[in-house]
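In the order they appear, the protein sequences are chains Z and B. Residue 60 is where the first sequence starts when you use this note's numbering, and the numbers rise one by one after that. Residue 38 is where the second sequence starts when you use this note's numbering, and the numbers rise one by one after that. Structure first, then comments.
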Amino acid sequence: MGVPYIPVRGLAGTDVFRRRDDMIMATNPFDSDEQHVVALAQNPDVAILHGLRADRDGNALLRKHGEDVMIAQASRRVIVTAEEIVDRVTADDEGGQFISAINVTAVVHAPNGAHPTAVPGLYDRDDAHIREYIEASQSDEAFRAYLEKYVIGKTEDEYQAMVRGGALVAGDGGGD
Amino acid sequence: MTEPVNTEELLAILMSREVRDWETSACGAVSMIPAAAMLLAEATHAPQAEIIILGSEQLSRDLGKDIHFLSQRGGLDLFFHSAVQFDAEGNFNLHVIGDANAPDMRLPGGYGSGLMSYTAGRILFFRTEHTKRTFVEKVDFISGAGKTPASIRRPQEPFLIFTPMAVLEFNRGTGAYSIRSVHEGFTAEQVQDNTGFSLGSLENIPTTPPPTEEEVRVLRTEVRDRMVETGTYPEWAQTVLQPA
Numbered sequence: 060m061g062v063p064y065i066p067v068r069g070l071a072g073t074d075v076f077r078r079r080d081d082m083i084m085a086t087n088p089f090d091s092d093e094q095h096v097v098a099l100a101q102n103p104d105v106a107i108l109h110g111l112r113a114d115r116d117g118n119a120l121l122r123k124h125g126e127d128v129m130i131a132q133a134s135r136r137v138i139v140t141a142e143e144i145v146d147r148v149t150a151d152d153e154g155g156q157f158i159s160a161i162n163v164t165a166v167v168h169a170p171n172g173a174h175p176t177a178v179p180g181l182y183d184r185d186d187a188h189i190r191e192y193i194e195a196s197q198s199d200e201a202f203r204a205y206l207e208k209y210v211i212g213k214t215e216d217e218y219q220a221m222v223r224g225g226a227l228v229a230g231d232g233g234g235d
Numbered sequence: 038m039t040e041p042v043n044t045e046e047l048l049a050i051l052m053s054r055e056v057r058d059w060e061t062s063a064c065g066a067v068s069m070i071p072a073a074a075m076l077l078a079e080a081t082h083a084p085q086a087e088i089i090i091l092g093s094e095q096l097s098r099d100l101g102k103d104i105h106f107l108s109q110r111g112g113l114d115l116f117f118h119s120a121v122q123f124d125a126e127g128n129f130n131l132h133v134i135g136d137a138n139a140p141d142m143r144l145p146g147g148y149g150s151g152l153m154s155y156t157a158g159r160i161l162f163f164r165t166e167h168t169k170r171t172f173v174e175k176v177d178f179i180s181g182a183g184k185t186p187a188s189i190r191r192p193q194e195p196f197l198i199f200t201p202m203a204v205l206e207f208n209r210g211t212g213a214y215s216i217r218s219v220h221e222g223f224t225a226e227q228v229q230d231n232t233g234f235s236l237g238s239l240e241n242i243p244t245t246p247p248p249t250e251e252e253v254r255v256l257r258t259e260v261r262d263r264m265v266e267t268g269t270y271p272e273w274a275q276t277v278l279q280p281a
């Protein structure tokens with residue numbers, strides 16, 4: 060979006076407002092009788108977004124719902140991980156939100172890449188894994204053990220083999 | 038004398054009476070009682086009410102941030118709102134219990150409550166208990182402020198709070214609470230005794246019109262069926278909307 064800040068109606072007098080240094084009260088420049096909260100723009104250095112498919116230029120189809128496109132438009136670099144790499148993704152493609160290559164820095168072929176969350180139509184949420192993650196997050200020690208089991212020193216293939224129980228799932232399309 | 042109703046049914050019936058034809062009413066996700074209230078209104082006195090139930094598979098209108106923009110531009114007439122605490126200043130808490138930096142309990146209020154409660158025309162708060170742990174002198178965390186300076190645009194009517202004992206009203210202009218009505222079986226003194234701040238005068242408080250046979254019947258039949266059919270908290274509807 061590239062704007063420096065955005066006005067918000069609401070939040071005045073709340074502890075949400077009080078606890079943040081990226082929001083201030085401001086006078087409406089078009090109406091000096093009105094005050095409102097102004098929130099500083101959030102500009103992530105890197106956004107990593109998972110999509111249904113992408114092409115080599117960076118055009119991609121992101122999940123249907125949610126604010127992914129807006130996040131991409133606000134970020135300095137955008138990496139799209141995609142279930143499938145195809146020849147061409149256009150704004151006419153159905154099934155998700157289109158994001159133009161001008162917003163995308165890099166594309167990665169990552170089948171089952173949303174795990175342990177779901178990609179509607181392709182695979183479900185892995186509730187057992189999410190429970191394991193939540194339990195691990197209760198202490199630094201347990202979380203370190205989780206990371207050592209699944210992440211540190213592991214390749215994507217090794218991770219996927221563990222969480223899929225070694226079996227490949229449908230949707231592993233596209234060549235890379 | 039109509040059949041006894043449970044707390045959820047009572048709140049749904051009383052709040053349904055606030056839903057009006059030709060207005061847009063909405064509730065957020067995880068809002069079973071408001072969903073039942075709006076569907077009951079639609080099935081009885083307000084067939085032309087526009088209703089939005091974010092937690093429903095079929096009645097959510099596929100809104101995300103749209104509902105916040107609708108409310109900001111003044112297009113949302115009524116919004117249902119829960120909270121765990123209310124205080125003497127008209128503040129409510131839907132964030133944390135205890136110290137915000139090391140909370141005893143974290144609640145899901147961080148998203149829309151600080152915006153919707155400032156911009157929707159009428160706010161119906163509800164709580165399934167009326168106790169001094171809910172109605173406190175000072176909330177642990179202000180998710181929404183009761184009083185704000187005149188320079189903050191809030192074209193809103195007084196807040197209403199529906200509980201199992203009464204309907205409370207908070208006037209943001211005077212900063213004072215009053216009891217709008219007391220439900221059958223309770224007195225204004227009992228309501229005050231279970232509230233951690235002053236509710237003003239306890240004289241001449243009207244009795245809340247109790248649920249009618251028709252309201253109870255429609256809630257337990259048409260509304261229940263519609264919730265199941267439309268994927269609107271079907272398990273909740275099947276277990277809660279029925280005789281004890």
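All C-beta atoms, glycine included, are put in the ideal place defined by N, C-alpha and C.
- Between HIS124/Z and the set SER134/Z, HIS109/Z and ALA113/Z, the nearest pair of CA atoms involves HIS109/Z.
- For the pair of segments examined, the stretch 73-87 of chain Z was found not to touch the stretch 103-123 of chain Z: the number of CB pairs separated by less than 8 Å stays below three.
- Closest in C-alpha terms to GLY180/Z, from the list GLU153/Z, SER196/Z, PRO66/Z and ILE130/Z, comes GLU153/Z.
- Taking a contact as a CB-CB distance under 8 Å, the pair ILE65/Z and LEU121/Z does not count as one, their CB atoms being some 22 Å apart.
- Counting the other Cβ atoms within 10 Å of the Cβ of GLN219/Z gives 16 or more, which makes it buried.
- Counting only residues of its own chain and dropping the five nearest sequence neighbours on each side, GLY151/B has a CB closer than 8 Å to the CB of SER180 and GLY181.
- Listed along the chain, the chain B residues whose CB falls inside 7 Å of the CB of ARG122/Z amount to none; the nearest CB is some 12 Å away.
- The beta carbons of ASP185/Z and VAL222/Z sit about 7 Å from each other, so the pair counts as a contact at 8 Å.
- Contacts with chain B at 8 Å (Cβ-Cβ) include VAL75/Z.
- Chain order gives the chain B residues near LEU70/Z as GLY151, LEU152 and TYR155, where near means a beta carbon separation below 8 Å.
- As a beta-bridge residue in DSSP terms, ASP136/B pairs with ALA139/B.
- Per DSSP, PHE106/B is one residue of the alpha helix (DSSP H) stretching across 103-109.
- Nearest Cα to GLY149/B within the set ARG217/B, SER119/B and ASN208/B: SER119/B.
- Taking the Cα of SER91/Z as reference, the smallest distance to any Cα among LEU91/B, GLY237/B and SER188/B is reached at SER188/B.
- With respect to chain Z, the C-beta atom of THR185/B has a partner C-beta closer than 8 Å.
- Restricting attention to ALA49/B, GLU40/B, LEU91/B and THR81/B, the CA atom closest to the CA of GLY268/B is found in LEU91/B.
- Boundaries of the alpha helix (DSSP H) around GLN219/Z: 215-222.
- ARG159/B is outside the set of residues whose beta carbon lies under 8 Å from a beta carbon in chain Z.
- As a beta-bridge residue in DSSP terms, ASP124/B pairs with VAL173/B.
- MET202/B carries a coil assignment under DSSP once its states are collapsed to helix, strand and coil.
- DSSP lists no beta-bridge partner residue for HIS124/Z.
- Against chain B, a Cβ distance below 7 Å from VAL62/Z picks out nothing, because the smallest value is about 16 Å.
- Of all residues in the stretch 65-80 of chain B, none is placed with a Cβ closer than 9 Å to any Cβ belonging to chain Z.
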